[in-house]
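J.:
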Amino acid sequence: MTQDSLPGRTTLLSRVFLALAFIGILVSLALIFLWVPDERQQGAVYRIFFFHVPAGLLSFAAFAVVFVASIAYLWKNNRAWDMVAHSAAELGVVFATLSLTTGSIWARPIWGVWWTWDPRLTTMLILWLIYVGYLMLRAYGADDTRVSRFASVVGIIGFVDVPIVFFSIHWWRTQHPQPVLAPGGNFGLTPEMTVTFLIALAALAFLSAHLLLERLALRRMSADVKEIRQALSAEEGA
Amino acid sequence: MKDYFAGIMAVLWKDVLSELRTKDILLSVFVFALLSLVIFSFALRTDRATVAIIAPGVLWAAFSFSGVLALNRAFATEREKGSLEGLVITPVPRDVIYFGKMLGVLLFMLAAEIMLLPVFVVLFNVALDVPRLLLIIFLATLGFASVGTVFSAIAVNTRSREIMLPVLFLPVVVPVIISAVEASARVMTGDPWDSLTVWLQVLVAFDVIFVVVSSLVFEYVLEE
Amino acid sequence: MADSGPSAVEARRLSKDFDGHRALRGVDLRVLEGESLAIFGPNGSGKTTLIKILATLVRPTSGSVSVAGFSLPQDALDVRRRIGVVTHQNYLYDELTCYENLTFYGRMYRVQGLPDRIRAVIAQVGLEARLNDRVRTLSNGMQRRLAIARAVLHNPSVLLLDEPEVGLDEQAVNLLEDLLSRLNDGRRTVIMTTHNLERGLRMSDRVAVLVNGRIAYQETRAALDMARLRGIYAQLAGARV
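Chains as they are written, first to last, in the numbering used here: chain E, 11 to 248; chain V, 6 to 229; chain Z, 253 to 493.
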C-alpha cells in the first residue's frame, strides 16, 4: 500500500459506510428509547451505556490501528501507513472523549459523583492523555520530516502500555474500593439489550470506518497540494 | 559482546564526566524535588494522622516531576552542539547508544533521589525501612529512565520541548507511579513483604517490557 | 589521474525526498580511492543532503549509493567504521577536554593504542598546547581543528567535510586549508563541499557542481574547462541572489 493507492476523494465505500451508520444510529436510538426495558437497579439512566461502551471499544480499536500502522510505517517507510496512524489516532481521541463524557454523565445520577476511578474508565483517561500527547507531538513537530517516525514510536509505546496501565489501576482499585461503572459487573443484559447493543456498536463502527476513510482522503489531497506547490516553486527558482 | 559493553560504558563515562563537571542534572533534580516537598508540606495537611497517608504520594509526586527535569537535560548537551549526529555516525549498534544514555540518566536520577531521602524523613517525620525503599526507588526509576530516554530524545527535537516531554512521559509511567506509591506506603507502615509483591511485580514487568521495547524503537528516533 | 580503479564512493540515480521537497533528483557520482572531490553549489542545491547521505545520517529515497565498498543504508555500520565526518557542528562536548573528547570517540571507534594515537592527531592539527583544556575555552577555529582530529582519529579511508570553513575567521580558514592539504595525501579519499570556488579548486583533483539536486557539471581538474565552470557558477550565484 503506497500513498498513491489512497484515494484522494470520497469513495463509494465511504458513502455506503455513512449510509449504514446513519440508518444504524436512527435504529439504535429508536430501540434505545422505545424498545429496551428499564434496568432493574439503574432505571432509565443506564441507556447511555449503549453508546458509552461502543465508544470505548471503538476508541480502543482505533488505538490498535495506530499501533499496527506505526509498526508498518517504521518497517516499510511508506507514508500511507503514517496517514492511517495519524487519522486513526484522531478518531481514537474523539471516541475516547465521548466515552469519558458519557461515562461521567452516567456516573452522576447513579453514584452522585462526576467521576469514579473505575479501572476501565481510568484506563480510558490515561489512553486519552497518551494519544492527546501523540496529537500534540504531530502538531508541534509538523515542520519536521522526522515527526512521523517520532509519532510512530509514541504510538507503539503507548499501546504496549495499555495492559500494564489497566492492571495497575485494577489492583490499585482493589485497595481503595470505588463504585463499579460497567455492565456485567452489577447488571445483567437481557436479550433485548444485547441486540440493541450490537446494533449500536455496528452503527458506530460504520461511522468510524466512514470517518477514517474521509480523513485519509483529506490527508491524501493535502499531500498532493503540498507536492504541487513545491514543484511550482522549484520551477520558479530554477 | 565485549565491544558492545565497551560502547555502552564509553557513552556512560562521557555523560558521567560531563555531569560531574557541571552537576547540572543532580542539582536541578535535587533542588526541584526539595522545593516540591516543601510546597507539598504547606499545601497538604501534615498533622501526625494524615502525614503517614500522604507521605508516599508526596515523595513520588516530587520524584516524578523532578524526573521530568532530569530527562529534559539528558539530551540537552547533545542537542546544543549537534553531538547527537556525532553519536549516530559512530560504528555502534543503535541500542548501545540507548543503553549508554539510559544508564546515565538512571544514575543521576537515583543519586538525586537518594540525596533527597534524608530531607524527606526530616520534613515528613517518617520511619523508613531503607533497603526495601531503595529497591522500590531503583525499580521505579529504572521504569522512568527506560521510556524517558526515548521520549527525551524525541522531545529534544521538537518545538515546545519543555511541554512535550511531560505530556508524553507522565501518562505512560502512571503504572510506575501507582506501584511505587502503593509499595512505598506499605514499607512506611511496616507491612509484611507479601503485601508488596504484586506492586514489585508490576514494576519489574514494566521495566522489562519497556527496556526491551525502548531499545528496539530508539534507532528510529535517531534516524533521519 | 586515471578514470579507473576502485571507487571510494559510487552513487547512481541517488534521490532524496523530504516530505515532498526533492533535495536530490538522481545524482550520479563516482569518486575513486585517494581522489579528492570538491562539490560546489548554491544554498538549497542539496550539497548538505548529499554529504549527509554519504555520512549515513540520512537515508536515500531511491537510487543506490555505496561508500568504501559498502552499500547504504544496509551496511551503515561498516561504512561508519571507515568514514570521518566534519560538518558545521563539531560534535564536541564543551565540558570535556580535548583529550577526553578524543578518548570518547576513540573508544566508540575501537581505536587501538589510543593515547599514542590521540597525541599523533593532536599534533597533526596543532593543538598540543590545548590538549587538557576544556573545549568550551577553545576558539571556533580551534574547535574545528579538533573536530578534524576527531574525524581522522580512527584513520578513515574516506573523509567527508561539509563547508568546513563556515564560521571561521580568515586566519583560522588558512590554518584549516593548510591542515586539509596535508591530510589530502592521495591515500585517503576526501570529499568536501564548499562555497569558495578558488579554495575548492586548489585542494581537489575533481570538481562537481550541484544545482537543484542534480550534478550540473563534473570533471577532473586536469580536464577542467575553467571558463565553463566559472560561467555556470556565476550564473548560479547571480540567479540565487
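Every residue gets a Cβ at the ideal spot worked out from N, C-alpha and C, and that includes glycine.
Please read all numbers here as calculations on a predicted model, not as lab measurements.
#1: Do Z:P312 and Z:L329 count as a contact pair if the criterion is CB distance below 8 Å?
#2: Between which residues of its own chain and E:T200 is the CB-CB distance below 7 Å, once the five residues before and five after are set aside?
#3: Who does Z:S456 pair with in a DSSP beta bridge?
#4: What's the call for Z:R397, buried or exposed, on a 16-neighbour Cβ count within 10 Å?
#5: Within 8 Å of any Cβ in chain V, is that where the Cβ of E:G151 sits?
#6: With Z:V337 as the anchor, note down where its alpha helix (DSSP H) starts and where it stops.
#7: At a CB distance below 7 Å, what residues from the stretch 163 to 197 of chain V approach chain E? Give them in sequence order.
#8: Identify the residues that DSSP records as bridge partners of Z:H273: which are they?
#9: By how many angstroms is the C-alpha of Z:L281 removed from the C-alpha of V:A150?
#10: Relative to the C-alpha of E:K236, which candidate in E:V104, E:W138, E:D153, E:L28 has its C-alpha closest?
#11: Taking 8 Å as the threshold (beta carbon to beta carbon), is Z:H273 in contact with chain E?
#12: Alpha carbons only, please: which of Z:G358, Z:Y361, Z:L354, Z:G365 is nearest the one belonging to Z:E380?
#13: May I have the straight-line CA-CA distance separating V:L128 from V:L42, to the nearest angstrom?
#14: Which of the three DSSP states, helix, strand or coil, is assigned to Z:V377?
#15: Select from the stretch 14 to 30 of chain V all residues with a C-beta closer than 7 Å to any C-beta belonging to chain Z, and list them in chain order.
#16: Could you pull out every residue in the same chain whose Cβ sits closer than 8 Å to the Cβ of E:R229, ignoring the five residues on either side in sequence?
#17: Within 8 Å of any Cβ in chain E, is that where the Cβ of Z:F292 sits?
#18: Restricting to runs no shorter than 4 residues, where is the alpha helix (DSSP H) found entirely within the stretch 10 to 50 of chain V?
#19: Quick one: does V:D8 have its CB under 8 Å from some CB of chain Z?
#20: Need the endpoints of the alpha helix (DSSP H) that E:S24 sits in, please.
#21: Verify whether the separation of the beta carbon atoms of V:V155 and V:V222 is less than 8 Å.
#22: Taking Cβ-Cβ distances below 9 Å as the criterion, which residues of the stretch 29 to 46 of chain E are in contact with chain V?
#23: How would you label V:P176, buried or exposed, when you count the other beta carbons within 10 angstroms and need 16 or more for buried?
#24: Between V:P123 and chain Z, is the shortest Cβ-Cβ distance under 8 Å, so that the two count as touching?
#25: Closest to Z:L289 by C-alpha separation, out of Z:M478, Z:N426, Z:I484, Z:L413, would be which residue?
#26: Give me, in chain order, the residues of the same chain whose beta-carbon lies closer than 6 Å to that of V:F47; leave out the 5 immediate sequence neighbours on both sides.
#27: Give me whichever residues DSSP pairs with Z:D414 in a beta bridge.
#28: Which same chain residues end up closer than 7 Å to E:G194 when comparing Cβ atoms and leaving out the 5 residues on each side of it in sequence?
#29: From what residue to what residue does the beta strand (DSSP E) around Z:I291 run?
#30: Taking CB distances under 8 Å as the criterion, tell me whether Z:T300 reaches chain V.
#31: Return the first residue and the last residue of the alpha helix (DSSP H) that V:T146 is part of.
#32: Looking at Z:R382: is its Cβ nearer than 8 Å to the Cβ of Z:L390?
#33: Against V:P96, what residues of chain Z qualify as contacts under a CB-to-CB distance less than 7 Å, listed in chain order?
#34: Is it the case that the stretch 17 to 36 of chain V contacts the stretch 110 to 120 of chain V, given that we only count it when at least three CB pairs across the two stretches are under 8 Å?
#35: Can you find a CB in chain V that lies within less than 8 Å of the CB of Z:D440?
#36: Our contact map puts V:S184 next to V:L208 with C-beta atoms below 8 Å; I'd like the distance itself, whole angstroms only.
T.: Checking against the coordinates, here is how it stands:
#1: No. Outside cutoff.
#2: Correct list, in chain order: P47.
#3: Looking at the DSSP assignment, Z:S456 forms no beta bridge with any residue, so it has no partner.
#4: With 16 or more other Cβ atoms within 10 Å, it is buried.
#5: It does: the Cβ of E:G151 has a partner Cβ on chain V nearer than 8 Å.
#6: Counting along the chain, Z:V337 falls outside any alpha helix (DSSP H), though it belongs to the beta strand (DSSP E) covering 335 to 338.
#7: Of all residues in the stretch 163 to 197 of chain V, T163, R164, S165, M169, V172, L173, P176, V177, V179, P180, I183, S184, E187 have a Cβ within less than 7 Å of some Cβ in chain E.
#8: Its beta-bridge partners are Z:F270.
#9: Answer to the nearest angstrom: the Cα atoms are 44 Å apart.
#10: Selection E:V104, E:W138, E:D153, E:L28 evaluated against E:K236 yields E:D153 as nearest (Cα-Cα).
#11: Residue contact check for Z:H273 against chain E: a CB pair falls below 8 Å.
#12: It is Z:L354 whose Cα lies nearest to the Cα of Z:E380.
#13: When only Cα atoms are considered, V:L128 and V:L42 end up about 8 Å apart.
#14: In the three-state reduction of the DSSP assignment, Z:V377 falls in the coil class, being assigned neither a helical nor a strand state.
#15: So the close ones are A15, K19, L22, S23, R26, T27.
#16: Counting only residues of its own chain and dropping the five nearest sequence neighbours on each side, E:R229 has a CB closer than 8 Å to the CB of L16, M93, H96, S97.
#17: No - not a single Cβ of chain E is within 8 Å of the one on Z:F292.
#18: 29 to 48, all fully within the stretch 10 to 50 of chain V.
#19: Put simply, the CB of V:D8 is near chain Z, with a gap under 8 Å to one of its CB atoms.
#20: E:S24: member of the alpha helix (DSSP H) spanning 22 to 40, first to last residue.
#21: Yes. Within cutoff.
#22: Listed by position, the residues of the stretch 29 to 46 of chain E near chain V (Cβ gap below 9 Å) amount to none.
#23: Buried, since its Cβ has 16 or more Cβ neighbours within 10 Å.
#24: No, V:P123 lies away from the interface with chain Z (no Cβ there is under 8 Å from its Cβ).
#25: Measuring from the Cα of Z:L289, the nearest candidate turns out to be Z:L413.
#26: Answer for V:F47: no residue qualifies.
#27: Among the bridge pairs identified by DSSP, Z:D414 is matched with Z:T445.
#28: Any reading at E:G194 needs caution, since the residue's pLDDT is 39, under 50, leaving its predicted position unreliable; the model's value is listed next. Answer for E:G194: no residue qualifies.
#29: Here the beta strand (DSSP E) through Z:I291 covers 288 to 292.
#30: No - not a single Cβ of chain V is within 8 Å of the one on Z:T300.
#31: That run of the alpha helix (DSSP H) goes 135 to 160.
#32: Going by C-beta atoms, Z:R382 is nearer than 8 Å to Z:L390.
#33: Under the 7 Å cutoff, chain Z gives L329, R332, R333, Y361.
#34: Counting C-beta pairs closer than 8 Å gives three or more between the stretch 110 to 120 of chain V and the stretch 17 to 36 of chain V, which meets the contact rule.
#35: Reading off the sequence shown, one finds Arg at residue 440 of chain Z, where the question assumed Asp. For Z:R440, the answer is no, since every Cβ of chain V falls outside 8 Å of its Cβ.
#36: Right, the Cβ-Cβ distance comes to about 5 Å (below 8 Å), so this counts as a contact.
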